[in-house]
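Comments concern the structure below.
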Amino acid sequence: MKRRIAVGIAAMLGLGVAGCVGKGVGSPAPRGAAAYAVIPEKADGIQEGAIQPGDRLAIRVMGEVDLSSENYWVDGNGLVQMPLVGELKAGGQSTSELRRDIASQLGQHYLRDPQVSISIIEHAKQSVTVEGEVQAAGRFEASPNLTLLGALALAHSTTRVAKLGDIMVFRQLNGQNLMARFNLMDIRAGRAADPQIVAGDRIVVSRSTGRSAWQDFLQAAPMLNVFYLLSLRIN
-7 MKRRIAVGIA
3 AMLGLGVAGC
13 VGKGVGSPAP
23 RGAAAYAVIP
33 EKADGIQEGA
43 IQPGDRLAIR
53 VMGEVDLSSE
63 NYWVDGNGLV
73 QMPLVGELKA
83 GGQSTSELRR
93 DIASQLGQHY
103 LRDPQVSISI
113 IEHAKQSVTV
123 EGEVQAAGRF
133 EASPNLTLLG
143 ALALAHSTTR
153 VAKLGDIMVF
163 RQLNGQNLMA
173 RFNLMDIRAG
183 RAADPQIVAG
193 DRIVVSRSTG
203 RSAWQDFLQA
213 APMLNVFYLL
223 SLRIN
C-alpha cells in the first residue's frame, strides 16, 4: 500500500513533466545556415578597430591648422564633415582607409602631397540588450568584436532552464527587422560559428519547458518523502 502511494505520486509528477514538454512551441525565425545568412558570422562593415557612428576623431593635416582638429564627429549615418573635403564616409572604415580618402581629396584639388593623420579619440557608447533566461539580464556596451558568446558572458551566462538550442537575435538593418535563432550548444562545441553581435542587437534566451519541468520535479521531489512518511503513519 505504501509503495503504491509513493509510486502514484511520482507518476503524477512525471505526467506533469511530460505534459509541459509536449507544450513547447518552435520559433518561426530561421536557424542553421539560414540564420547565418540573416545574422552573419562577420557583420558587414564592422571590424575590430573600425570607425563607428558616434566616434570622435582627431584629424590632422600637416601645416594646415584650419583643417586640423580633435573634434571631428561621425554622424549617425557614418559620415564625417571636413572643410574643403566636404562629406566623407567614415563608418566601417579603418583610420588608414579614411586617411587615404582625405589625402586623395585634398591632393586632387587643394594641396600638394598632403600629410594626413587620423586617430579615434573616443568610441561611441553603444549597447546590446540580453534578456530572458540569463543570470543578469540587462544592457551592455557593444565592443566592435563582440560575439553571441561574449554577449551572453556579459549577462553571466544562461540559467539552468534556458533553451540552449533556440537563442534568438533581433537586429534592425536598413529599416528592416531581422531575426534568427542559434544553437548555443553547437557554438560552444565548435560545430557552428559564433555570430558577431553589433550595437542595437537584442538577444533573447527563451525558457525550455522540458528543463523547467524537470527543475520543478526536482524541487518537488522532497515532497515524495513527506507523503511517504504520512502514508506510514496512516497505515
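Heads up: the sequence shown at position 165 corresponds to 157 in the numbering used here, and the numbers run straight through without jumps. C-beta atoms are modelled at their ideal positions from N, C-alpha and C, and glycine is treated no differently.
C-alpha distance - residue 124 paired with residue 139, whole-angstrom precision: 18 Å
Residue from 66, 200, 33 whose Cα sits closest to the Cα of residue 49: 66
Specify, as a first and last residue, the run of the alpha helix (DSSP H) that residue 93 falls within. Counting along the chain, the unbroken alpha helix (DSSP H) around residue 93 starts and ends at 87 to 101.
Any Cβ of chain B within less than 8 Å of the Cβ of residue 158? Of the protein chains in the structure, only one exists, and it is not chain B.
Would you kindly report the start and end of the unbroken alpha helix (DSSP H) that includes residue 176? 176 to 181 is the extent of the alpha helix (DSSP H) around residue 176.
Got a sec? Which residues, its chain only, sit under 7 Å from residue 85 by beta carbon, not counting five neighbours each side? Around residue 85: 42, 43.
With burial defined as no fewer than 16 other Cβ atoms inside 10 Å of the residue's Cβ, what is the status of residue 105: buried or exposed? exposed
When you compare the CB positions of residue 143 and residue 31, do they come within less than 8 Å of one another, or not? In terms of Cβ geometry, residue 143 and residue 31 do not form a close pair [threshold 8 Å].
Helix, strand or coil for residue 201? Go by DSSP, reduced to three states. Assignment of residue 201 by DSSP, reduced to helix, strand and coil, places it in the helix class.
Continuous beta strand (DSSP E) stretch holding residue 130: start and end: 130 to 133
Please name the residue, chosen from 200, 136, 160, that lies closest to residue 34 on a Cα-to-Cα basis. For the options 200, 136, 160, the alpha carbon positioned closest to that of residue 34 is the one of 136.
Under the assumption that residue 120 contacts residue 193 (Cβ atoms under 8 Å), give the Cβ distance between them as a whole number of angstroms. 5 Å
Residue 50 lies in the beta strand (DSSP E); which residues open and close that run? 48 to 53
Continuous beta strand (DSSP E) stretch holding residue 84: start and end: In this chain, residue 84 is not harboured by any beta strand (DSSP E), its DSSP state being neither H nor E.
Rounded distance between the beta-carbons of residue 28 and residue 185, thought under 8 Å: 7 Å
Going along the chain, which residues of its own chain have a beta-carbon closer than 7 Å to the beta-carbon of residue 58, five neighbours each way excluded? Within the same chain, residue 58 has close Cβ partners 75.
Cutoff 7 Å; reference residue 21; Cβ partners in own chain excluding five residues on either side: 160, 171, 172, 173
Can you have a look at residue 228 and say buried or exposed, based on whether 16 or more other CB atoms are within 10 angstroms of its CB? Residue numbering for the chain in the displayed model covers -7 to 227; residue 228 lies beyond these limits and cannot be assessed.
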